[in-house]
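**Q** Here the sequence shown is numbered in this note's numbering, starting from 6 and rising by one per residue.
My structure is below; once you've seen it, I'll send some questions.
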Amino acid sequence: MKTTQSENLFTRAQELIPGGVNSPVRAFRSVGGTPRFIERGQGASIWDADGNRYIDYVLSWGPLVMGHAHPQVVAALQDALTRGTSYGAPTKLENELAELVIDVVPSIEMIRFVNSGTEATMSALRLARAYTGREKIIKMAGCYHGHADMLLVQAGSGVATLGLPDSPGVPASTAASTLTVEFNDLDGVKALFEQFPNEIAAVIVEPIAANMGFVMPRPVYLQGLQDLCRRHGALFILDEVMTGFRVAPGGAQQAWNLDPDITCLGKVIGGGLPVGAYAGKREIMKMVAPAGTMYQAGTLSGNPLAMTAGIATIRALLEPGIFESIAGKVSELIAGLTSAADSADISIQTGSAGTMFGFYFLKTPGAVIDDYASAKQHADTARYGKFFHAMLEAGVYLAPSQFEAAFMSSAHGSEEIQATISAVTQVFHQL
Ligand SMILES: *Cc1c(COP(=O)(O)O)cnc(C)c1O
């Protein structure tokens, strides 16, 4: 596979942009090699600067649930573009996307749009602190909630990949009010509530820990967190930036009957343009300025192009049968992956929910990864690196890190799935 163009572009990019990228995991640091510079996406495929084609399971890290350049999304954007790109004044589009989200996501009564998942979680925490008058928060080790200071403590995603314990530049005083517990450890959370009575403003959690690979919650875990929050007067914040419109149309909360006080959204709701949101109970959301006193703002928030892409993407996803068909392809792929691993005698742990999935190569056959400690202990990152590059050569684009989830879109057909399974089968036998 020829990669000269990508290599040249990356060399130049490294002189211009720190590490050559605008988000760390893109740089291939944990798998080695040169990141592919992408020129074009269409349906389930992307093409790099050297003209190589890949079946894409990164999908912009989740947003593109309808695939690249979906005709309805492109048409809506082209139409919106002729009317200008931003007004800094309210538009009907914001009402439309708000109505769509409120209709589908069970706990949400009001929503505020921002520009990224990071802004969503950062604002959600400010709101929880304002609402409760408390300062401490609980997050789970290995859960990634964006890069706001108080959440860069035991974070997953790029932080897990690079092995940074925390980030320099985060004030110790800020990190001090973030308490961390292992994912799936309900007793640990209970103990913190007992240790700090009336001090904890909120518990924030990813319903599936999908920024340290793919770790499903134990059956009573999320409900247990919600109950603990209610009992102790803290808010339950569900970070559905990744799982929203993916685990089910109404997110993990719909699939698993949860009732968070605040929900964070991003990724799919922007349809590939920068959008995030925090949303929840009317009584809590009414505290946000200018309705209330908690300040939060954004020059480009609710941007008309971004709203348009979100509306078109969600409308297309909600058409009858679409979500189920994407989820069906995930099952097909996971089944193929599992039987390929069995036949090559390779020990993997797979997980999936709705239209997202993930898998680990296990260093110790039969080990179980169910939190950050076990992910770091048992995941075979070296083997993943080899697998990743062999798959790339075979024309399949996966996340360049063992600690990230994978995504399916409506544009992935049986042809792509079968091609992926045969590539996996071949590569597993080489490993
Ligand atoms: C991606 C992600 C974020 C951060 O969103 P950005 O748009 O990258 O700032 C926050 N939380 C979760 C669960 C995510 O997956």
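Idealized CB from N, CA, C, for every residue including glycine.
To which residues of the same chain is V36 closer than 6 Å at the C-beta, ignoring the five residues directly before and after it?
**A** Looking up residue 36 in the sequence shown gives position 31. So the list reads G390, F393, P405, once near-sequence residues are dropped.
**Q** Could you pull the start and end residues of the beta strand (DSSP E) that Q354 belongs to?
**A** For the purposes of this step, residue 354 is identified with residue 349 of the sequence shown, where counting begins at 1. It spans 353 to 358 - the beta strand (DSSP E) in which Q354 sits, taken as one unbroken run.
**Q** For the stretch 223 to 240 against the stretch 132 to 148, do three or more pairs of beta-carbon atoms, one drawn from each stretch, fall closer than 8 Å, so that the two count as touching?
**A** yes
**Q** Count Cβ pairs between the stretch 114 to 130 and the stretch 184 to 192 that sit closer than 8 Å; are there 3 or more?
**A** no
**Q** To which residues of the same chain is E211 closer than 6 Å at the C-beta, ignoring the five residues directly before and after it?
**A** As a first step, residue 211 must be located in the sequence shown, where it is residue number 206. Excluding positions up to five away in sequence, the list reads C148, D244.
**Q** Taking the alpha carbon of A424 as the reference point, which residue from Q407, D53, L367, G341 has its own alpha carbon closest?
**A** The sequence position of residue 424 within the sequence shown is 419, counting from 1. Ranking the options by Cα distance to A424, first place goes to G341.
**Q** In chain order, what residues of the same chain have a beta carbon less than 8 Å from the beta carbon of K195, not counting five sequence neighbours either side?
**A** For this step, residue 195 is matched to residue 190 along the sequence shown. Cβ neighbours of K195 beyond the five flanking positions: L233.
**Q** May I ask whether a heavy atom of ligand 1 can be found less than 7 Å away from the beta carbon of Y149?
**A** Residue 149 sits at position 144 when you count from the first residue of the sequence shown. Yes, ligand 1 has a heavy atom inside 7 Å of this Cβ.
**Q** Taking the DSSP output, what are the residues bridged to K286?
**A** The residue labelled residue 286 in the question sits at position 281 within the sequence shown. K286 is not bridged to any residue.
**Q** Tell me which same chain residues have a C-beta within less than 6 Å of the C-beta of Q259, skipping the five on either side of it?
**A** Counting from one through the sequence shown, the residue named residue 259 turns up at place 254. Sequence-distant Cβ neighbours of Q259 in its own chain, meaning closer than 6 Å and more than five residues away, are P111, A253.
**Q** My output table needs one value for L132: the three-state DSSP class, helix, strand or coil.
**A** Residue mapping note: residue 132 aligns to position 127 of the sequence shown, counting from 1. If DSSP states are grouped into helix, strand and coil, L132 belongs with the helices.
**Q** What residues in its chain sit with their C-beta under 7 Å from that of A206, if we drop five residues either side in the sequence?
**A** The count along the sequence shown starts at 1 and reaches residue 206 at position 201. Answer for A206: A133, R134, T137, R139, E140, K141, I142, A239, L240, listed in chain order.
**Q** Cβ-heavy atom distance between T39 and ligand 1 below 7 Å?
**A** Locating residue 39 in the sequence shown gives position 34, where the first residue counts as 1. Set against 7 Å, the gap from the CB of T39 to the closest heavy atom of ligand 1 is not smaller.
**Q** Three-state secondary structure (DSSP) at I22?
**A** If you number the sequence shown from 1, residue 22 lands on position 17. Here I22 sits in coil by DSSP.
**Q** Under 8 Å by Cβ, that's how I've got N57 and M115 pegged, so tell me the actual separation to the nearest angstrom.
**A** In the sequence shown, the residue the question calls residue 57 occupies position 52. In the sequence shown, the residue the question calls residue 115 occupies position 110. Not quite, the Cβ-Cβ distance comes to about 46 Å (not below 8 Å), so this is no contact.
**Q** In three-state DSSP terms, what is F412?
**A** On the sequence shown, position 407 is the one that residue 412 refers to. F412: strand per DSSP, three-state reduction.
**Q** Could you check the C-alpha separation between M292 and I113 for me, to the nearest Å?
**A** On the sequence shown, residue 292 is found 287 positions in, with the first residue counted as 1. On the sequence shown, residue 113 is found 108 positions in, with the first residue counted as 1. Computed Cα separation, rounded: 15 Å.
**Q** Taking Cβ positions, are V30 and E409 nearer each other than 8 Å?
**A** Walking along the sequence shown from the start, residue 30 turns up at place 25. Walking along the sequence shown from the start, residue 409 turns up at place 404. Yes.
**Q** Consult DSSP for L338 and reduce its assignment to one of helix, strand or coil.
**A** Stepping through the sequence shown from its first residue, residue 338 is reached at position 333. In this structure, L338 counts as helix in the three-state DSSP scheme.
**Q** By the DSSP assignment, the beta strand (DSSP E) with E44 in it spans what residues?
**A** In the sequence shown, the residue the question calls residue 44 occupies position 39. Segment 43 to 47, the beta strand (DSSP E) holding E44.
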